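K.L.:
This is the structure I have questions about; it appears just below.
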Amino acid sequence: MTMLRIRDAATYLGVSDDTVRRLVDSGTFTRHDDGAGRAVVDGRELAEHARQRAARLGDPSGVRSSARNRFVGIVTDLVVDGVMAQVELQSGPHRVVSLMSAEAVRDLDLEVGSVAVASVKATMVTVEVPDEDGGRA
130 MTMLRIRDAA TYLGVSDDTV RRLVDSGTFT RHDDGAGRAV VDGRELAEHA
180 RQRAARLGDP SGVRSSARNR FVGIVTDLVV DGVMAQVELQ SGPHRVVSLM
230 SAEAVRDLDL EVGSVAVASV KATMVTVEVP DEDGGRA
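Here you go:
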């Protein structure tokens, strides 16, 4: 069973440590203690909560799509140079950068502050796991 420290759970959910503590207090997550006596939560409970929360948030575009890897966010940077453009989107804790045609930027009326959805093709996504120590030095 994967156990996550409160701070790490908060990072993965994109919320504050206090929010995770309130979720523990409300019974959404079960509090456990690690070997050092620190509060931890079960990764499976965290995953289920994240799935339910994502389903409730929905997609503001109103578009139905077969894409399952969709990141709703705000355009934070836009560089248009000739025929190509680079669009940076902040979706919760995730920064997504897309290269597209300048024409597509104009067609979508993209500008800094626009709400947009980045769709990622699942066959091009790699999955990695942290070192045994959780990436801590």
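Our numbering applies: residue 130 is where the sequence shown begins, and numbers increase by one.
C-beta atoms are modelled at their ideal positions from N, C-alpha and C, and glycine is treated no differently.
Note that the structure is predicted; figures quoted are calculated from it, not measured.
#1: Using alpha carbons as the reference points, say which of Gly172, Ser243, Ala245, Val204 lies closest to Arg136.
#2: Tell me which residue opens and which closes the beta strand (DSSP E) that Thr252 is part of.
#3: Let me know the secondary structure DSSP gives Leu175 once reduced to three states.
#4: Could you check what DSSP says for Glu232 in three-state terms: helix, strand or coil?
#5: Give me the Cβ distance between Met213 and Leu228, rounded to the nearest whole Å; I'm assuming they're in contact under 8 Å.
#6: Going by beta carbon distance, what residues of the same chain come within less than 8 Å of Ala266, once the five residues before and after it are set aside?
P.N.:
In short:
#1: Across the set Gly172, Ser243, Ala245, Val204, the C-alpha of Gly172 shows the shortest separation from the C-alpha of Arg136.
#2: Judged by DSSP secondary structure, Thr252 falls outside any beta strand (DSSP E); it is assigned neither H nor E.
#3: Here Leu175 sits in helix by DSSP.
#4: Residue state, collapsed to three classes: helix.
#5: With a beta-carbon spacing of about 6 Å, Met213 and Leu228 fall inside the 8 Å limit used to define contacts.
#6: With a pLDDT of only 46 at Ala266, under the threshold of 50, the placement of this residue in the model should not be trusted; the figure read from the coordinates follows. Hits under 8 Å: none found.
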